[in-house]
Amino acid sequence: MASLNDPEKQSLLELAFAILQDLHQPGLELPSPNHTRDYLRMLLAERKAEVFGCVYLDNRHRVIEAAELFQGTIDGASVYPRVVVQQALTLNAAAVMFFHNHPSGVAEPSHADEAITRRLKEALALVDIRVLDHFVVTVGESVSFAERGLL
């Protein structure tokens, strides 16, 4: 198996990430949950610390912005609903998708992940912003809260 230090493999990864970025540009509709999942894996999977962010969407589910909002440590990140809601209102978002990585390599959502998702969903509901999904990303896989029925 080639390592990430292999120049050929690194070039392929950079090309794949560029293609996925093109599919997630502001103003474009998200092509599919699998493209979004792949994009987030490319963006976050190799991070050594936990990162939490949002993809802000308009009322037709077109990307307004994908933003990394909070950075943490190897096993957690503090997430503040006020910041998420404030950014969503600033961008005039109609919907959001959350994402964060698990540097441990285990994509299974924790109880803390489920709790913050509920808090964020409740806070955003107060200003009529829908939560479409929350992805937990690792190098090898990602888990969708929507697919698991956790939203």
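With the UniProt record's numbering, you'll find the sequence shown wraps up at 151, consecutive numbering, no jumps.
For glycine and all other residues, C-beta sits at the position ideal for the given N, C-alpha and C.
Since this is a predicted model, take the numbers as computed values, not measurements.
(1) Where does P103 land, buried or exposed, given buried means 16+ other C-beta within 10 angstroms?
(2) Considering only the alpha carbon of each residue, which of G105, Y56, A49 lies closest to T36?
(3) Find the nearest neighbour of S144 within the set E8, R118, I116, N34, judged by alpha-carbon distance.
(4) What is the residue span of the beta strand (DSSP E) that A66 lies within?
(5) I believe F99 touches L44 by the beta-carbon criterion, under 8 Å. Please report the beta-carbon distance rounded to the nearest angstrom.
(6) With C-beta atoms as the reference, is V96 less than 8 Å away from L132?
(7) Out of A125, T73, T138, V137, which one is the CA nearest neighbour of V85?
(8) Here's the rule I'm using: 16 or more other beta-carbon atoms within 10 Å means buried, otherwise exposed. How should I74 be labelled?
(9) Between L126 and the ligand SAM, is there a pair consisting of the residue's CB and a ligand heavy atom that are separated by less than 7 Å?
(10) N34 lies in the alpha helix (DSSP H); which residues open and close that run?
(11) Rounded to whole angstroms, what is the Cα-Cα separation between A2 and G105?
(12) For I116, tell me which candidate among A49, V63, S78, D58 has the shortest Cα-Cα distance.
(13) Which two residues bound the contiguous beta strand (DSSP E) that contains H100?
Here's the rundown:
(1) P103 is buried by the Cβ-count criterion.
(2) Out of G105, Y56, A49, Y56 has the C-alpha closest to the C-alpha of T36.
(3) N34
(4) 63-71
(5) Their Cβ separation, rounded to whole angstroms, is 7 Å, which keeps F99 and L44 in contact under 8 Å.
(6) For V96 and L132, yes; Cβs fall inside 8 Å.
(7) A125
(8) Looking at its Cβ environment, which holds fewer than 16 other Cβ atoms inside 10 Å, I74 is exposed.
(9) Absence of the ligand SAM is noted for the structure shown, with no ligands found whatsoever.
(10) Element bounds for N34: 33-44.
(11) Caution applies to A2, whose pLDDT of 47 falls short of 50 and renders its modelled position unreliable; the value that the coordinates give is listed next. Each residue's Cα considered, the two are about 19 Å apart.
(12) S78
(13) 95-101
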